[in-house]
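Going by the numbering used here, the sequence shown opens with residue 6, and the numbers climb by one from there.
Every residue, glycine too, gets a C-beta built ideally from N, C-alpha and C.
One structure is given here, and the rest of the page talks about it.
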Amino acid sequence: MVKPPVSTIGDMPISPHASAPVMSQVHVGAATHCPYCALQCGMYVANGEITPREDIPANSGGLCQKGWTAAELLESPERLTTPLLHGNPVSWDEALDYVAARIEAIRAEHGPDAVAVFGGGGLTNEKAYQLGKFARVALRTSQIDYNGRFCMSSAAAAVIRAFGMDRGLPFPITDIARAGAILFAGGNVAETMPPFVRHLTAMRSRGGKLVVADPRVTQTAKMADLHLQLTPGTDLALALGLLHIAIADGYADLDYLAARTTGFEEVRTSVSVWWPERVERVTGVPVAHMREAVRILGEAERAMVLTGRGAEQHAKGTDTVTAFVNLALTLGLPGREGSGYGCVTGQGNGQGGREHGQKADQLPGYRKIDDPAAREHVAAVWGIDPADLPGPGRSAYELLDALGTPRGPRALLLFGSNPVVSAPRAGHVTSRLDALDLLVVSDFVLSETAAMADVVLPTTQWAEEAGTMTNLEGRVLLRRQAAAPPPGARSDLEILRGLAERLGCGEKFSADPRTVFDELRRASAGGLADYSGITYERIAAETGVFWPCPDNGGDPHPGTPRPFLDRFATPDGRARMVPVDHRLPAEDVDEEFPLYLTSGRVLAHYQSGAQTRRIRPLTQASSEVFVELHPHLAERLGVSSGDRVRVRSRRGAAEAVARVTASIRPDTVFMPFHWEGVNLLTNPALDPMSRMPEFKVCAAAVERCDDRERAA
6 MVKPPVSTIG
16 DMPISPHASA
26 PVMSQVHVGA
36 ATHCPYCALQ
46 CGMYVANGEI
56 TPREDIPANS
66 GGLCQKGWTA
76 AELLESPERL
86 TTPLLHGNPV
96 SWDEALDYVA
106 ARIEAIRAEH
116 GPDAVAVFGG
126 GGLTNEKAYQ
136 LGKFARVALR
146 TSQIDYNGRF
156 CMSSAAAAVI
166 RAFGMDRGLP
176 FPITDIARAG
186 AILFAGGNVA
196 ETMPPFVRHL
206 TAMRSRGGKL
216 VVADPRVTQT
226 AKMADLHLQL
236 TPGTDLALAL
246 GLLHIAIADG
256 YADLDYLAAR
266 TTGFEEVRTS
276 VSVWWPERVE
286 RVTGVPVAHM
296 REAVRILGEA
306 ERAMVLTGRG
316 AEQHAKGTDT
326 VTAFVNLALT
336 LGLPGREGSG
346 YGCVTGQGNG
356 QGGREHGQKA
366 DQLPGYRKID
376 DPAAREHVAA
386 VWGIDPADLP
396 GPGRSAYELL
406 DALGTPRGPR
416 ALLLFGSNPV
426 VSAPRAGHVT
436 SRLDALDLLV
446 VSDFVLSETA
456 AMADVVLPTT
466 QWAEEAGTMT
476 NLEGRVLLRR
486 QAAAPPPGAR
496 SDLEILRGLA
506 ERLGCGEKFS
516 ADPRTVFDEL
526 RRASAGGLAD
536 YSGITYERIA
546 AETGVFWPCP
556 DNGGDPHPGT
566 PRPFLDRFAT
576 PDGRARMVPV
586 DHRLPAEDVD
596 EEFPLYLTSG
606 RVLAHYQSGA
616 QTRRIRPLTQ
626 ASSEVFVELH
636 PHLAERLGVS
646 SGDRVRVRSR
656 RGAAEAVARV
666 TASIRPDTVF
676 MPFHWEGVNL
686 LTNPALDPMS
696 RMPEFKVCAA
706 AVERCDDRER
716 AA
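Have a look at this one:
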């Protein structure tokens, strides 16, 4: 595919197919990025047509089914264009006046923490930054978090503990093709982000080997040279067993460990009890397969250890990732070009969304909100007294769980998330939302959560606004506006500005994304995620800039594609190895609930499905929630493919269509989370460090629906 030539309006490159401008310096048509996963594939959008870009290394001319059909979102008949107040259309002034008045009344009666904010990992950097600032400056509340807590938090906590800094892939994605071996634990990129597969395919075409650890025979596992089909909830035991073998079989890089790490001896002692035969009994993975996996990694000139949500979304997710990081460090991989540890970020701005302040404990630049120096720096940028900044608030599930309770928030402003579908123990979360005095949702369609709201604010969507996104490799990209929004829709930045004006601080909030980004640059300066040397012009000229990228004045910083080559971001420059130990899932199987339930994604859909379930080709490809069962289990239950079954856990029940497949373990069932269903069942047990819920494993039972229920 030949890339179309690009013309420019101002400094914004656009497609040659553009028509007359529809607003200041914006044409209908632009070089932009996909609205879905963290690859942030480059695409041209012009007159409702999508063409892949070849200048973005993450996709290099490829798109998945979701990307190819993304333009249908722009013409969705379910599009919201008028604010709704208690279900009735109202003007923007009526809606914003009502929200501001209710906020003021609730704060006056219950205090500033009675108003909460919940964001999303798909928001642009500008919106994530402004949301955090709005909560702390306009609302003066500590109660803000976002759905990225359900995605990347365990990996982030583990790598900050080990390396001092969290960047999903601390190397360009193109380094994957140069590796001689990759262990991928808990990731199914063949379905969740298909253009990623080209990098794995390039690696294997050069003789590299792929090892996949997953309870299911996923499309990614089918690509692998070796599949480690472990019992759900035992990823940590598997990592400890692999590390034990690596040390015992002589693959530990002792020179590297001495020069670049601390804590190896303690880790060596801790894993001595995880001999391979014990690990086989816990995980179900044969000893021979574990030894082969370590041999593949240990003998490769360059190797990588990657983790995904399958290994991370557990109540012990931080320790699980730590164990895989310890394995990578023992083999001498992190900080070597073409090798390393990386976390494959999921949401569109899962990386940037957690860097600039919409997390409960963070300020822009990946600063900690309880750090006095960080508070002073950011307060100076915002023009407020550091003492006026609130402290850390509740994490995502804890925030949702506290809504409407006597000591919890009474109002919630929600942007870019759909917790009625996506939160664990979703039935309980729905009841908490229902208990609020005020629920305000900004969305472009009436999602399941928006349908509950007192006020719905119709917002612009991906191709109708400009802003930056940071993809899974830490590359800051420019999402250009490619289409005019429908009359009546406003951007989230405009919504926040309108509310701030009514709350008496409108002068501190701009609705212009470039102005907000320039302020973000100043606020992030000197932080771990330093964007101060990045500008819209540089991103456009260089097709993205890797952070950290400090402002060096007249000598521009080149950006940092591989931040750990010389030292890690710890005080002494060494990676910290931390001993961890396996423990059972927060909820193990028993006689009443004898099966492991795990969840994940399918090729056609994304996240809660609020976008993809409104695109005809994607709903035709996958139209309803299903549950995978092994043939042996199906036979015991008297279930055939196509039958309706009921899946139960201690938190509730959900019905789904049975799919009988040998790709699942006999003791495990799988349900996708793009529809209401599986998250009615999932366990909200939290990781003690990351506060990640245990999405990936809980105890369940399955039964066949009788004929009367099926007819109903």
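With 16 other Cβ atoms within 10 Å as the buried cut-off, status of residue i
i	result
residue 699	buried
residue 509	exposed
residue 227	exposed
residue 93	exposed
residue 679	buried
residue 259	exposed
residue 317	buried
residue 180	buried
residue 159	buried
residue 497	buried
residue 12	For residue 12, the predicted structure reports a pLDDT of 29, less than 50, and the residue's modelled location is therefore unreliable. The matter cannot be settled from this model.
residue 150	buried
residue 614	buried
residue 52	exposed
residue 635	buried
residue 588	exposed
residue 410	exposed
residue 98	exposed
residue 86	exposed
residue 566	buried
Sheet register partners of residue i (DSSP bridge)
i	result
residue 461	89, 446
residue 551	480
residue 348	312
residue 474	482
residue 699	688
residue 50	35, 55
residue 150	123
residue 266	580
residue 663	632
residue 367	373
Member of the options whose CA lies at the smallest distance from the CA of residue i
i	options	result
residue 186	317, 81, 333, 116	333
residue 657	541, 598, 474	598
residue 254	297, 212, 231, 147	297
residue 282	653, 447, 246, 687	246
residue 647	369, 666, 654	666
residue 231	288, 237, 261, 300	300
residue 82	390, 449, 688	449
residue 697	481, 154, 70, 367	154
residue 627	52, 70, 58, 62	70
residue 50	632, 629, 489, 568	489
residue 542	201, 495, 483, 493	483
residue 320	240, 268, 270	240
residue 223	40, 544, 193, 504	193
residue 502	492, 494, 516, 491	516
residue 682	571, 630, 635	630
residue 356	79, 486, 288, 157	157
residue 131	547, 359, 304	359
residue 90	616, 384, 199, 455	455
residue 3	315, 84, 64	The displayed coordinates of the chain run from 6 to 717. Any statement about residue 3 would go beyond what the structure contains.
CB contact below 8 Å: residue i versus chain D
i	result
residue 208	In the structure shown, chain D does not exist; there is a single protein chain.
Runs of alpha helix (DSSP H) lying entirely within the region 383-447, each at least 4 residues, in chain order: 401-407, 424-427, 431-439
Inter-stretch contact at 8 Å, needing at least 3 Cβ pairs: the region 113-126 / the region 407-417: yes
Meets three-Cβ-pair contact criterion under 8 Å: the region 335-344 and the region 506-521: no
Any alpha helix (DSSP H) of 4 or more consecutive residues that is wholly inside the region 610-661: 621-626, 636-642
Cβ contact (3+ pairs, closer than 8 Å) linking the region 160-170 and the region 310-325: yes
Validate contact between the region 285-305 and the region 133-147 using beta carbons, cut 8 Å, 3 pairs: no
The region 527-541 touching the region 555-567, judged by at least three CB pairs closer than 8 Å: yes
Cβ contact check for the region 642-650 and the region 614-622: 3 or more pairs under 8 Å: no
Contiguous beta strand (DSSP E) assignments of at least 3 residues, all confined to the region 170-236: 186-190, 214-218, 231-233
Three or more C-beta pairs below 8 Å linking the region 388-396 and the region 558-565: no
Sufficient close CB pairs (3 or more, under 8 Å) joining the region 683-694 to the region 598-607: yes
Contact the region 145-152 vs the region 260-279: 3+ CB pairs below 8 Å: no
Validate contact between the region 460-473 and the region 425-440 using beta carbons, cut 8 Å, 3 pairs: no
Contact the region 353-371 vs the region 203-221: 3+ CB pairs below 8 Å: no
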